[in-house]
Amino acid sequence: KVLKIFGPLLEDSKLKKYGQNVKYDWIILKRLGVTVRGIDFDTMIANYLINPHKKNHNLDDISLEHLGVRKIATEALIGTGKNQTTMDKVPLETITEYACEDADCVFRLVSILKEKLKERGLEDLLSDVEMPLAFVLGKMEMNGVSIDVKFLKELSDNASEELAGLTRAIYDEVGEEFNINSPKQLA
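Written out as structure tokens, the structure reads:
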């Protein structure tokens, strides 16, 4: 029912869309038969371009940094560890505020991050390189890659033989066997 209503809007390239980690959403919706078009901005990619040395570019961190907003933590909804559940198990009433907050923060971040990209001359890098690349990577993730299993097995076997030979050479040089992976024994 939701896809029937929103599918045409998501597929309309004239309607510009913003998001956080849009590649993920694009893949999920593509698997459900909806090809999202008109994606204009990704706050995660933009924030990475602005500060590539920063460790985290998740929406919680970006929202706190640029908006001063401490978002509802995902863990507050789904828990952690062995008691962790999945979002589809969270009641709609509970998840509504979380989802709206995500959308609001993304929307509010766009103008701030666009300005920072402009100040640094990075607008074209985002629009001409990074955004198209996100969908190339999305297609690659969906399609997978072909792996030559026989070649990888041979490579693994050769590496194991070479490692065994090097290990024997080390033991011969030292005159006894020990755990090479132990810094204490190696010393």
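Going by this note's numbering, the sequence shown opens with residue 32, and the numbers climb by one from there. Beta carbons: idealized from backbone N, C-alpha and C, even for Gly.
Might you give, ordered along the chain, the residues of its own chain that have their beta carbon closer than 7 angstroms to the beta carbon of residue 217, omitting 5 neighbours on each side?
The residue you call residue 217 lines up with position 186 of the sequence shown. 211, listed in sequence order.
Roughly how many whole angstroms lie between the Cα atoms of residue 41 and residue 169?
Mapped onto the sequence shown, residue 41 falls at position 10. Mapped onto the sequence shown, residue 169 falls at position 138. Straight-line Cα distance between these residues: approximately 17 angstroms.
Run of the beta strand (DSSP E) containing residue 138, from where it starts to where it stops:
If you number the sequence shown from 1, residue 138 lands on position 107. Residue 138 -> not in any beta strand (DSSP E); alpha helix (DSSP H) instead, spanning 123-150.
Residue 73, buried or exposed, once every other Cβ within 10 Å from all chains shown has been counted against 16:
Translated into the one-based positions of the sequence shown, residue 73 becomes position 42. Classification for residue 73: buried.
Can you tell me which of the three DSSP states residue 93 falls into?
Position 62 of the sequence shown holds residue 93. Residue state, collapsed to three classes: helix.
With 16 as the cutoff for other CB atoms within 10 Å, does residue 187 come out buried or exposed?
Stepping through the sequence shown from its first residue, residue 187 is reached at position 156. Per the 10 Å Cβ criterion, exposed.
Taking 8 angstroms as the limit between beta carbons, can you name the residues of its chain near residue 110, skipping five residues before and five after?
Along the sequence shown, one-based indexing puts residue 110 at 79. Here the set comprises 116.
Where the alpha helix (DSSP H) containing residue 50 begins and where it ends
In the sequence shown, residue 50 corresponds to position 19, counting from 1. It is not in any alpha helix (DSSP H) - residue 50 instead sits in the beta strand (DSSP E) that spans 48-50.
What is the DSSP secondary structure of residue 166, reduced to helix, strand or coil?
In the sequence shown, the residue the question calls residue 166 occupies position 135. Residue 166: helix per DSSP, three-state reduction.
Any idea which residues DSSP pairs residue 72 with across the strands?
Here residue 72 refers to the residue found at position 41 of the sequence shown. Its beta-bridge partners are 49.
Look at the Cβ atom of residue 49, then the Cβ atom of residue 141, and state whether they are nearer than 7 angstroms.
The residue labelled residue 49 in the question sits at position 18 within the sequence shown. The residue labelled residue 141 in the question sits at position 110 within the sequence shown. Taking 7 angstroms as the Cβ cut-off, residue 49 and residue 141 qualify as a contacting pair.
CB contact flag (residue 79, residue 103, <7 angstroms):
Locating residue 79 in the sequence shown gives position 48, where the first residue counts as 1. Locating residue 103 in the sequence shown gives position 72, where the first residue counts as 1. For residue 79 and residue 103, no; Cβs fall outside 7 angstroms.
Just to confirm, are residue 70 and residue 53 a CB contact at a threshold of 7 angstroms?
On the sequence shown, residue 70 is found 39 positions in, with the first residue counted as 1. On the sequence shown, residue 53 is found 22 positions in, with the first residue counted as 1. Result yes, Cβ atoms of residue 70 and residue 53 sit closer than 7 angstroms.
Considering just the uninterrupted stretch of the alpha helix (DSSP H) at residue 178, what are its terminal residues?
Counted from its first residue, the sequence shown places residue 178 at position 147. Here residue 178 belongs to no alpha helix (DSSP H), and DSSP marks it neither H nor E.
Output the residue ranges of the beta strand (DSSP E) runs that lie fully inside the stretch 179-210 and measure 3 residues or longer, sorted by chain position.
none
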